[in-house]
Amino acid sequence: MFYKSTRNSGVSISSAEAIVQGISADGGLFVPSEIPQMSMDEIVKLGDMSYAERAAVVFSKFLTDFTDAELKYCTESAYNDKNFASADIAEISHLFDGTYVLELWHGPTCAFKDMALQILPYLLTTSLKKIKMNKKVVILVATSGDTGKAALEGFADVEGTSIMVFYPQDGVSAMQKRQMATQDGNNVTVCALNGNFDDCQNGVKAIFTNEEIKQKLADGGMMFSSANSINWGRLAPQIIYYISTYAELVKDEQIKAGDKINIVVPTGNFGNILAAYYAKHMGMPVNKLICASNANNVLTDFINTGIYDRNRKFITTVSPSMDILISSNLERLLYILCGENDAQIREWFGKLASEGRYEVTDDVKAKLKADFAAGFCDDAQTKAVIKEIYDKYSYTLDTHTAVAVKVYEDYKKATGDNTKTVIASTASPYKFSTAVLEAIEGKVSDMDEFDKVERLHEVSGYDVPKSLADLKNKPIRFTGAIGRDEMKDFVLKSLSL
Ligand SMILES: *Cc1c(COP(=O)(O)O)cnc(C)c1O
Numbered sequence: 002m003f004y005k006s007t008r009n010s011g012v013s014i015s016s017a018e019a020i021v022q023g024i025s026a027d028g029g030l031f032v033p034s035e036i037p038q039m040s041m042d043e044i045v046k047l048g049d050m051s052y053a054e055r056a057a058v059v060f061s062k063f064l065t066d067f068t069d070a071e072l073k074y075c076t077e078s079a080y081n082d083k084n085f086a087s088a089d090i091a092e093i094s095h096l097f098d099g100t101y102v103l104e105l106w107h108g109p110t111c112a113f114k115d116m117a118l119q120i121l122p123y124l125l126t127t128s129l130k131k132i133k134m135n136k137k138v139v140i141l142v143a144t145s146g147d148t149g150k151a152a153l154e155g156f157a158d159v160e161g162t163s164i165m166v167f168y169p170q171d172g173v174s175a176m177q178k179r180q181m182a183t184q185d186g187n188n189v190t191v192c193a194l195n196g197n198f199d200d201c202q203n204g205v206k207a208i209f210t211n212e213e214i215k216q217k218l219a220d221g222g223m224m225f226s227s228a229n230s231i232n233w234g235r236l237a238p239q240i241i242y243y244i245s246t247y248a249e250l251v252k253d254e255q256i257k258a259g260d261k262i263n264i265v266v267p268t269g270n271f272g273n274i275l276a277a278y279y280a281k282h283m284g285m286p287v288n289k290l291i292c293a294s295n296a297n298n299v300l301t302d303f304i305n306t307g308i309y310d311r312n313r314k315f316i317t318t319v320s321p322s323m324d325i326l327i328s329s330n331l332e333r334l335l336y337i338l339c340g341e342n343d344a345q346i347r348e349w350f351g352k353l354a355s356e357g358r359y360e361v362t363d364d365v366k367a368k369l370k371a372d373f374a375a376g377f378c379d380d381a382q383t384k385a386v387i388k389e390i391y392d393k394y395s396y397t398l399d400t401h402t403a404v405a406v407k408v409y410e411d412y413k414k415a416t417g418d419n420t421k422t423v424i425a426s427t428a429s430p431y432k433f434s435t436a437v438l439e440a441i442e443g444k445v446s447d448m449d450e451f452d453k454v455e456r457l458h459e460v461s462g463y464d465v466p467k468s469l470a471d472l473k474n475k476p477i478r479f480t481g482a483i484g485r486d487e488m489k490d491f492v493l494k495s496l497s498l
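In structure tokens form, the structure reads like this:
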């Protein structure tokens, strides 16, 4: 197994190189040269293993240049009950008849990003050793909230790395800001930017590609890398929890080995649902992958029409981690669906860059329809479903998972499909307590972030995640905010260059 670029099928590198490079120099994303297979027997056997052991088995199919000892080290260091509040790591909750919620938010930052960002630092530092790259890695992150904190938590005090996170001063929730501003670790820097998320992302990209800065880093024995979901090292860990869930459902006799299931994913950058696609094509029996969007419904339109059109208004919603108009990981799916035709990918993504729009071929449209269904809902529907599920089942959804539940309800009504279904739950409701409380109780009175957490505890009966409760008494370490033009100097100064 080797890794190719979606924009140059001639590229051939190891998984360790793909993880260190993050993105291909031609602008493409790295994809495995084939989708490895797992037999039903192999999948069922996972049921008797710990999550870390299951992870090592699935990783061994993709990271073929890693030794068993290296995979054991990475998976055991990440997936343990010190880092995760649940010994199962990912917990399955039976919501109602034949419908399960896969809770992916029992990690240190209470969002599903932890599933990948707890292990990425180990994969990255192991990869560096394997390719004998003796440099300190500087991770630069632009974040609209969840990724920044999860990356900080993953990389804090990891030897041989340092991490710098930029977030928009007024573009993250109060809880998210608090989470980042109180971050521990001797190798972390957090900085607010007077600008929006696009300014943060553009600033980071400009620094990544600035030759003068790169040279200064190289002279100082350092290099940049990326922790966002274009890195294969973030995608691969997400495949594991789908296969693990299937094994678990068989073990619990909820399904029989070989039964198909549906998977519903609240989607933004298309990383999480693409991982489910890989799981399906590795051999896990899946009927439909259901792609759920909020009012930024560019993916719903794409899956239903084959036309990707980002020329539309960006809408700020109560599910902010899905407020996105360019879903980067779609490029990996289209590369597979068009038969690894790199020229075709260059054409479509060239058009996306220049015109904001492209249309795929009839053949690709048919393949999309075979695997995927899609739907979306707005904020009012999101809140209504939080209330409905709370009233009927005493289960408290966060706003992102609620979008998935609503889209699934609509899908079931429209199709009558009764296949057993797993809904990916991507955040703890405590991370979005304002919107969740508004949904359940109507208006929220004038409370600060921690009063809301207390109130949500009374309403939901769920334990407050320790990491969020502890924030109240943690000293604020990072208070600075800088202008867009100051980012470059800020980075160099922070690295003492
Ligand atoms: C990042 C995120 C998503 C979107 O996941 P993608 O892999 O980008 O599609 C959904 N919900 C939450 C809470 C997230 O943090």
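If you use my numbering, the sequence shown corresponds to residues 2 to 498, in order. Each residue gets a CB set at the ideal place from its N, CA and C atoms; glycine is no exception. Being a predicted model, the structure only gives us computed values, none of them experimental.
Same chain, Cβ closer than 6 Å to residue i, neighbours up to 5 away in sequence not counted
i: S329; result: I231, N270
i: L469; result: Y431
i: S163; result: V139, N188
i: A227; result: As written in the sequence, residue 227 is Ser, which differs from the Ala given in the question. Excluding residues within five positions, the ones whose Cβ falls inside 6 Å are G23.
i: T65; result: M2
i: V365; result: L338, C339
Residues near residue i in its chain [Cβ-Cβ closer than 7 Å; skip 5 each side]
i: S78; result: Y123
i: Y391; result: T397, I441
i: P33; result: M2, Y4, F63
i: T416; result: none
i: I477; result: A182, T183
i: T148; result: K114, V142, N229
i: S40; result: G284
i: I241; result: R55, A56, V59
i: P466; result: A86, C111, S429, Y431
i: I44; result: I244, Y247, A248, G284, M285
Alpha carbon of residue i to alpha carbon of residue j, nearest angstrom
i: G35; j: E341; result: Contrary to the premise, residue 35 reads as Glu rather than Gly in this sequence. When rounded, the distance between both Cα atoms is 10 Å.
i: D418; j: D380; result: 26 Å
i: Y247; j: G259; result: 10 Å
i: T402; j: V437; result: 11 Å
i: A88; j: R358; result: 45 Å
i: T427; j: T383; result: 14 Å
i: D199; j: V166; result: 14 Å
i: K217; j: L496; result: 10 Å
i: A17; j: Q119; result: 17 Å
i: Y409; j: V265; result: 7 Å
i: A482; j: D185; result: 19 Å
i: T1; j: E360; result: The structure shown has nothing for residue 1, since the chain only spans 2 to 498.
i: F225; j: A193; result: 20 Å
i: I387; j: Y463; result: 15 Å
i: M488; j: T480; result: 15 Å
i: A280; j: E54; result: 17 Å
i: F350; j: I308; result: 13 Å
i: A86; j: K352; result: 45 Å
i: K257; j: V251; result: 6 Å
i: A367; j: S25; result: 29 Å
i: T301; j: F377; result: 7 Å
i: S245; j: Q38; result: 15 Å
i: G222; j: G161; result: 11 Å
heavy atom of ligand 1 below 6 Å from residue i C-beta
i: S322; result: yes
i: P267; result: yes
i: F271; result: yes
i: D1; result: Shown here, the chain extends from 2 to 498; a query on residue 1 therefore has no answer.
i: T427; result: yes
i: A367; result: no
i: A470; result: no
i: A207; result: no
i: H458; result: no
i: A374; result: no
i: A19; result: no
i: A112; result: yes
i: H401; result: yes
Presumed contact (8 Å Cβ cut-off) between residue i and residue j, rounded CB distance
i: T268; j: A237; result: At roughly 18 Å, the Cβ-Cβ gap does not stay under 8 Å, so T268 and A237 are not in contact.
i: I274; j: A374; result: Wrong, their Cβ atoms sit about 11 Å apart, outside the cutoff.
i: V287; j: K261; result: 6 Å
i: Y52; j: A91; result: 7 Å
i: K421; j: F451; result: Not confirmed; about 39 Å, so no contact.
Chain B within 7 Å of residue i, Cβ atoms only
i: T127; result: Structure shown: chain B not included; a single protein chain is present.
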